[in-house]
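Asks: Just so you know, we're using full-length UniProt numbering here: the sequence shown kicks off at 1 and counts up by one. Idealized CB from N, CA, C, for every residue including glycine. First, the structure itself, so that you have it in front of you.
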Amino acid sequence: MPLGGASLSSLSASERQQVLDTFRDSGNSTTAAAIVCSLLLQKRKHTEMENDDLITGGPTINPEMAAPSSRLRKRARVSYVEPAEFDIESDADSGYNSDSSVEWGPRSNAKQTKTKSHRKEKPTKPVKPFPFLSLPTELRNKIYFLALEDPNGMVLGEGWRAHRRVPVRTQHFGHGNKDLYAGLSNLTPSEPLPDGTLPDSKESQRTLIPSILAVNKQIYAEAAAILYAQPLHFINTVALHSFLAPMSDQTASLIRNITVHTYETWGRGVRKAMNVSALTLLRSCKNIEHLRIEAFHHYYFSSSMSPRESGAWHGALMARQMYRDGSFFFERLGAAKALKVLYLPEMHKEISRQHSWSTQVYDDEVETWKCVNIAFAEELTSLIDGRGKGIKRGKKRSRAAAFNVQNLASGSAPLLFAQT
Numbered sequence: 001m002p003l004g005g006a007s008l009s010s011l012s013a014s015e016r017q018q019v020l021d022t023f024r025d026s027g028n029s030t031t032a033a034a035i036v037c038s039l040l041l042q043k044r045k046h047t048e049m050e051n052d053d054l055i056t057g058g059p060t061i062n063p064e065m066a067a068p069s070s071r072l073r074k075r076a077r078v079s080y081v082e083p084a085e086f087d088i089e090s091d092a093d094s095g096y097n098s099d100s101s102v103e104w105g106p107r108s109n110a111k112q113t114k115t116k117s118h119r120k121e122k123p124t125k126p127v128k129p130f131p132f133l134s135l136p137t138e139l140r141n142k143i144y145f146l147a148l149e150d151p152n153g154m155v156l157g158e159g160w161r162a163h164r165r166v167p168v169r170t171q172h173f174g175h176g177n178k179d180l181y182a183g184l185s186n187l188t189p190s191e192p193l194p195d196g197t198l199p200d201s202k203e204s205q206r207t208l209i210p211s212i213l214a215v216n217k218q219i220y221a222e223a224a225a226i227l228y229a230q231p232l233h234f235i236n237t238v239a240l241h242s243f244l245a246p247m248s249d250q251t252a253s254l255i256r257n258i259t260v261h262t263y264e265t266w267g268r269g270v271r272k273a274m275n276v277s278a279l280t281l282l283r284s285c286k287n288i289e290h291l292r293i294e295a296f297h298h299y300y301f302s303s304s305m306s307p308r309e310s311g312a313w314h315g316a317l318m319a320r321q322m323y324r325d326g327s328f329f330f331e332r333l334g335a336a337k338a339l340k341v342l343y344l345p346e347m348h349k350e351i352s353r354q355h356s357w358s359t360q361v362y363d364d365e366v367e368t369w370k371c372v373n374i375a376f377a378e379e380l381t382s383l384i385d386g387r388g389k390g391i392k393r394g395k396k397r398s399r400a401a402a403f404n405v406q407n408l409a410s411g412s413a414p415l416l417f418a419q420t
């Protein structure tokens, strides 16, 4: 039976049935003819191989087929013929042994795509912490000084963080600094610093690491005094208040040296109102040794008064102003210690004979500032001892006030101004 030019007579019964089923299902004679041609070609090659084996005594392999692995296509073969039942049949049903193994070589297992497995990370060895506490005490102290102490003094300004006033570390070695108020120019050295850097350079400010105190209790006990005992410079009393407000009494007792570079004595602004709050918090600084208040001004001499009267009036006003702002602090220190701790550069005047118009003017200035110092010590001592009562006219001054005034007048205690 011819089908599309191909004869089915040479096919086996099962192969003919396969072709007929394909033609019946698809209704396409071209597809059936292609299957017939494929079956006939396979059978012809199989017959030729058998004849060669009979002549040579063994199977012969085409040299072109010596490396079958190189001719195998890497991509999977795609069939566009609809699968049927006859596609899955054994070689026994076909009536002959398939020569696919001879044509294509030994069939190898299909390559299985390897799923990318995540590379297992090698467990890292635990890093041993550096045995810092096993270092000698001298070496640990040197590290503490490098991490916590600024050789030029730590300068703190006012700032904001999360809607709260906080102290912010700053520097004042540049004239363009926005915090350079009156009195802050005293922070600017006229000569290079000991480490060779210029005063207005950023390298002059050392980076501090106060977080080292939070490592453990031993480090805090060893290094806290280094951080708080160094000279502390504050822009104004607002920065001082922000620094002392969250501090415990134990930490505040470590403070030794404080300098306030702007002290408002007039107006009704927040900086003037903060004077009382800041100086009241100084009450916790039990071991303070030096309190310097810069720019304590806005008090002037009256030309209509005599030098003695003008000095007494000026000194009394300054003493009352200081006591109003820091009464709780001064009462805790006591009058004697308060006069040693408190230092007002406003009263530390350098009187030069060369800059005076005449000898009389020079003598009047010396007399005036001597009276300022005496009146200040007398009034402040009386206010502290009398709990704000001060000196009443016609009453005898207290023994402490008389003793302080006598020391100032006799020269046994240094005056707050210099004569040249």
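1) With residue 376 as the anchor, note down where its alpha helix (DSSP H) starts and where it stops.
2) If you run the structure through DSSP and keep just helix, strand and coil, what is residue 15?
3) What's the gap between the Cα of residue 231 and the Cα of residue 137?
4) Return the CA-CA distance between residue 328 and residue 143, expressed in angstroms with no decimal places.
5) Report the rounded CA-to-CA distance for residue 365 versus residue 359, giving the unit in angstroms.
6) For the alpha helix (DSSP H) that contains residue 140, what are its first and last residues?
7) Out of 129, 47 and 235, which one is the CA nearest neighbour of residue 258?
8) Measure from the alpha carbon of residue 285 to the alpha carbon of each residue in 252, 23 and 248, then state which is nearest.
9) Leaving aside the five residues before and after residue 233 along the sequence, list all residues of the same chain whose C-beta is less than 6 Å from its C-beta, in chain order.
10) Put residue 222 into one of helix, strand or coil per three-state DSSP.
11) Whole angstroms is fine: what's the gap from residue 319's alpha carbon to residue 276's?
12) Relative to the C-alpha of residue 14, which residue among 35, 31, 341 and 29 is closest?
13) Using the C-alpha atoms, what's the distance from residue 121 back to residue 247?
14) Below 7 Å between beta carbons: does that hold for residue 264 and residue 271?
15) By Cβ distance, which residues of its chain are closer than 8 Å to residue 224, with the 5 residues on each side in sequence left out?
16) Considering only C-alpha positions, which residue in the set 323, 292 and 382 is nearest to residue 345?
17) Within the chosen definition, does the stretch 122-131 reach the stretch 204-211 through at least 3 CB pairs nearer than 8 Å?
18) Please report how far the alpha carbon of residue 341 lies from the alpha carbon of residue 331, in whole angstroms.
19) Can you find the residues in the same chain that come closer than 6 Å, C-beta to C-beta, to residue 92, ignoring five residues on each side of it along the sequence?
20) Checking 7 Å against the spacing of the C-beta atoms, do residue 290 and residue 372 come in under that value?
21) Helix, strand or coil: how does DSSP classify residue 344 here?
22) Going by other Cβ atoms of all chains shown within 10 Å of its Cβ, with 16 needed for buried, is residue 267 buried or exposed?
23) Apart from the five residues on each side of it in sequence, which residues of its chain come closer than 8 Å, Cβ to Cβ, to residue 339?
24) Near residue 147, what residues of its chain come up, given a Cβ to Cβ distance below 6 Å and the 5 sequence neighbours on each side ignored?
25) Can the beta-carbon of residue 335 be found closer than 7 Å to that of residue 288?
26) Leaving out five residues before and five after residue 321 in sequence, what residues of the same chain have Cβ atoms less than 7 Å from its Cβ?
27) Could you tell me the alpha carbon to alpha carbon distance between residue 261 and residue 273, rounded to whole angstroms?
28) Exposed or buried, what is residue 18 when buried is set at 16 or more other beta-carbons lying within 10 Å of its beta-carbon?
29) Quick one: Cα of residue 226 to Cα of residue 145, how far?
Replies: Taking the definition as stated:
1) Where residue 376 is concerned, the enclosing alpha helix (DSSP H) starts and stops at 359-385.
2) helix
3) Per the coordinates, the alpha-carbon of residue 231 lies some 24 Å from the alpha-carbon of residue 137.
4) 38 Å
5) 10 Å
6) 137-148
7) 235
8) Out of 252, 23 and 248, 252 has the C-alpha closest to the C-alpha of residue 285.
9) Same-chain partners within the cutoff: 153, 155 and 259.
10) helix
11) Cα-Cα distance, rounded: 14 Å.
12) The residue among 35, 31, 341 and 29 with its C-alpha nearest the C-alpha of residue 14 is 35.
13) 47 Å
14) yes
15) 213, 251 and 254
16) 292
17) no
18) 13 Å
19) With a pLDDT of 47 at residue 92, under the threshold of 50, the modelled position of that residue is not reliable, and the figure given next carries that caveat. Excluding sequence neighbours, residue 92 sits near nothing in its chain.
20) no
21) Residue 344 falls in the coil class under three-state DSSP.
22) exposed
23) Result list for residue 339: 377, 380, 381 and 404, in chain order.
24) 209 and 212
25) no
26) 265
27) 16 Å
28) buried
29) C-alpha separation (whole angstroms): 7 Å.
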